[in-house]
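Take the sequence shown: its position 306, counted from the start at 1, is 985 in my numbering, and no numbers get skipped. Think of the CB as a built atom: it goes at the ideal place given N, C-alpha and C, for glycine as much as any other residue. Please read the structure below before turning to the comments.
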Amino acid sequence: MGGITILLRFSTLKLSMNIDFLIVGQGLAGSLLAWNLLKAGCKVLVIDNCHSGSATRVGAGIVNTVTGPRLAPCWRLEQLLADCRKTYRFIGEELGNTYYREKELVRFFKNDEERQLWKQKRSASGTNRYLGAMRPPGWMPEAVLDPFGSFSPGGSGHLDMKSLVEDLRSIFAYQGCLIKEYLHYENIVPVKSGLRWKTWNVGKVIFCEGHEVRNNPWFQWLPFKLAKGEILDLKIQQSTPFRQILNSGKWLLPLGNNSYRAGSTYCWDPIDTNSTEAGKVEIISGLKTFLKLPFEVTAQRAGIRPTVKDYKPVLGMHPKFTNLGIFNGLGSKGAFMAPFFAHQMANYLHAGEPLEEEVNLLRFA
Ligand SMILES: Cc1cc2nc3c(=O)[nH]c(=O)nc-3n(C[C@H](O)[C@H](O)[C@H](O)COP(=O)(O)OP(=O)(O)OC[C@H]3O[C@@H](n4cnc5c(N)ncnc54)[C@H](O)[C@@H]3O)c2cc1C
């Protein structure tokens, strides 16, 4: 981080008994929401127990603009990607670090049908630059198997989610607006002026708890479809390390110094944060469909993606308990979606700007 001077640019929160917003959870969602609200001059307190299964601390942070078998560009690609680049660059400049990097992603065609589909889509749209250019088979013959060739979707990148939230954690702690503990729901008490949590008078509580939302007594009714995911850390000894993210169902993300992250699995039952042998085997077999090089597994972790039934974020205030709100549902695309919707939620909270209907929690009420 870039030293003490950047800290002074923030409006420092003096320890006060009155706060505008209590933010529960300091994963990507809570961190970016708190950042936006502090920037707007609000009094914010963040509480987080740093759960080891937090998606942000396990997830890879890949921004992949063309996903799924239909080779469709991501939902609201242009708009969300622009905000993603701008926000991470801005925070990086403030904190003196680089969190987001544009990174080429090489997606291998699984078969000839997929390659034909790419051609159709590319020529039908004409201007669809996100489908990139096709590469014939034999891209790096000593290192990868690509019998059907590959393409590189435009606009892909990588967010170092863990460093971002850790640096923001230091900033929040320095400003005295971070409490490192678990929030027990029964400690939120309605009072005449709003809410009380311990000794704090709180205007609104905004829950950014990721998958722990399933324990939240006020928001359990939202249709979350949590998805457990496992990842591996690897070492690959090679003279010319990959610079690109490789993807063929399973992905391989270069982290430097011959270290890589690989993933991931999707599991809907059981939803826990235990690493499994089955998860490891699944990732390794997936890698071997395109990776020729030997590798050593150095670590394995599991986290839980906070996905909602319609795969969109969920924002807004509880229809009955109007001092309680939520910012969640980032699913498997947190790095891509968080900046735009954290901004929207913050503007809603401090400036009363409207939320879009398609992400407002009231769509499920
Ligand atoms: C295996 C895997 C791979 C992934 N890969 C990618 C990827 O490549 N690209 C991408 O964009 N996204 C990826 N994701 C998804 C991404 O990680 C999530 O979308 C994002 O991190 C969700 O952030 P969040 O803040 O909503 O939740 P979380 O990161 O889970 O944060 C919630 C925080 O709230 C805290 N908390 C909860 N309840 C309480 C409480 N009562 N009191 C105090 N603290 C509390 C937790 O400790 C935690 O720190 C992946 C996820 C997984 C699991």
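Residue environment, residue i, which counts as buried when at least 16 other CB atoms sit within 10 Å
i, result
"aspartate 791", "exposed"
"tryptophan 947", "exposed"
"glutamate 888", "buried"
"tryptophan 900", "exposed"
"alanine 1021", "buried"
"phenylalanine 1043", "exposed"
"valine 881", "buried"
"proline 752", "buried"
"asparagine 715", "buried"
"cysteine 942", "Note that residue 942 is glycine in the sequence shown here, rather than cysteine. It counts as buried."
"glycine 709", "buried"
"tyrosine 853", "exposed"
"phenylalanine 974", "buried"
"phenylalanine 769", "exposed"
"arginine 780", "exposed"
"glycine 935", "exposed"
"glycine 1047", "For the chain, the structure presents residues 680 to 1044; residue 1047 sits outside this window and is missing."
Nearest-angstrom beta carbon gap, residue j and residue i [assumed within contact, 8 Å]
i, j, result
"valine 892", "glutamine 705", "Their Cβ separation, rounded to whole angstroms, is 15 Å, which puts valine 892 and glutamine 705 out of contact at 8 Å."
"glycine 1008", "lysine 991", "6 Å"
"proline 1018", "cysteine 763", "5 Å"
"lysine 676", "valine 987", "This structure does not reach residue 676, given that the chain is present from 680 up to 1044, and the question cannot be answered."
"alanine 719", "alanine 1025", "6 Å"
"asparagine 937", "proline 920", "6 Å"
"lysine 1012", "isoleucine 962", "About 20 Å; that fails the 8 Å criterion."
"phenylalanine 1006", "isoleucine 867", "With a Cβ gap of about 17 Å, phenylalanine 1006 and isoleucine 867 do not count as contacting."
"glutamate 1037", "glutamine 1023", "With 8 Å as the limit, glutamate 1037 and glutamine 1023 do not qualify as a contact, their Cβ atoms being about 11 Å apart."
"tyrosine 861", "asparagine 895", "Contact flag wrong, Cβ pair sits at about 13 Å."
"glutamine 662", "leucine 972", "Here the chain covers residues 680 to 1044 and nothing more, so residue 662 does not appear."
"phenylalanine 1000", "tryptophan 897", "6 Å"
Residues near residue i in its chain [Cβ-Cβ closer than 7 Å; skip 5 each side]
i, result
"glycine 740", "His837, Leu838, Asp839, Met840, Ala1014"
"phenylalanine 969", "Phe787, Val823, Leu824, Asp825, Leu925, Ser927"
"threonine 663", "Nothing about residue 663 can be read from this structure; the chain reaches only from 680 to 1044."
"leucine 784", "Asn743, Ser831, Pro832, Ser835, Gln923, Ile924, Asn926"
"threonine 977", "Asp912, Leu913, Lys914"
"leucine 1041", "Gly995, Pro998"
"proline 815", "Gly828"
"asparagine 1039", "Leu994, Gly995"
"arginine 848", "Gln705, Leu857"
"arginine 808", "Gly833"
"cysteine 721", "Asp699, Phe700, His1029"
Own chain residues within Cβ distance below 8 Å of residue i, not counting five before or after
i, result
"tryptophan 797", "Leu750, Phe788, Leu810, Met813, Phe830"
"threonine 878", "Met696"
"leucine 883", "Looking at the sequence shown, residue 883 is not leucine but lysine. So the list reads Asp699, Phe700, Leu701, Gly873, Leu874, Met996, Asn1002, Leu1003, Gly1004, Leu1028, once near-sequence residues are dropped."
"lysine 624", "Outside the displayed range of the chain (680 to 1044) lies residue 624, so it cannot be described from this structure."
"arginine 794", "Phe788, Met813, Phe827, Gly828"
"lysine 1030", "Here the sequence assigns alanine to residue 1030, which means lysine is not the residue at that position. Counting only Cβ-Cβ distances below 8 Å, and skipping sequence neighbours, we find Ala719."
"tyrosine 767", "Tyr778, Tyr779, Leu838, Leu843, Pro1018"
"valine 870", "Asn880"
"leucine 756", "Thr744, Tyr809, Gly834"
Close-in-space but distant-in-sequence residues of the same chain around residue i (CB under 6 Å, 5 per side omitted)
i, result
"glycine 958", "Glu909, Thr944"
"valine 737", "Arg980, Gly982"
"alanine 713", "Ile702, Val723, Val725"
"leucine 760", "Gly834"
"alanine 803", "none"
CB contact below 8 Å: residue i versus chain C
i, result
"isoleucine 770", "Considering every chain present, this structure includes no chain C. It has just one protein chain."
Residue i Cβ short of 7 Å to ligand 3 heavy atom set
i, result
"threonine 919", "Ligand 3 is not part of this structure, which contains only ligand 1."
Quiz item: Touch check for the segment 731-750 and the segment 819-836: three-plus C-beta pairs under 8 Å?
Solution: Inter-segment contact for the segment 731-750 and the segment 819-836 is present: three or more beta-carbon pairs are separated by less than 8 Å.
Quiz item: Which runs of the alpha helix (DSSP H) fall wholly inside the segment 979-1041 and span at least 4 residues, in chain order?
Solution: Runs of the alpha helix (DSSP H) inside the segment 979-1041: 1013-1030.
Quiz item: Hey, is the segment 702-717 in contact with the segment 851-861, meaning 3+ C-beta pairs nearer than 8 Å?
Solution: A contact exists between the segment 702-717 and the segment 851-861.
Exercise. At 4 residues or longer, and completely inside the segment 802-865: list those alpha helix (DSSP H) runs for me, N to C.
Key: Whole alpha helix (DSSP H) segments, 4+ residues: 840-853.
Exercise. Tell me the start and end of each unbroken beta strand (DSSP E) in the segment 723-782 that is at least 3 residues and wholly inside, in chain order.
Key: Listed in chain order, they are 723-726, 779-781.
Quiz prompt | Inside the segment 904-963 only - alpha helix (DSSP H) runs reaching at least 4 residues | solution = Within the segment 904-963, no complete alpha helix (DSSP H) run reaches 4 residues.
Exercise. Could you tell me which uninterrupted beta strand (DSSP E) segments, each at least 3 residues in length, are contained entirely in the segment 694-723, listed from first to last along the chain?
Key: The qualifying runs are 697-703.
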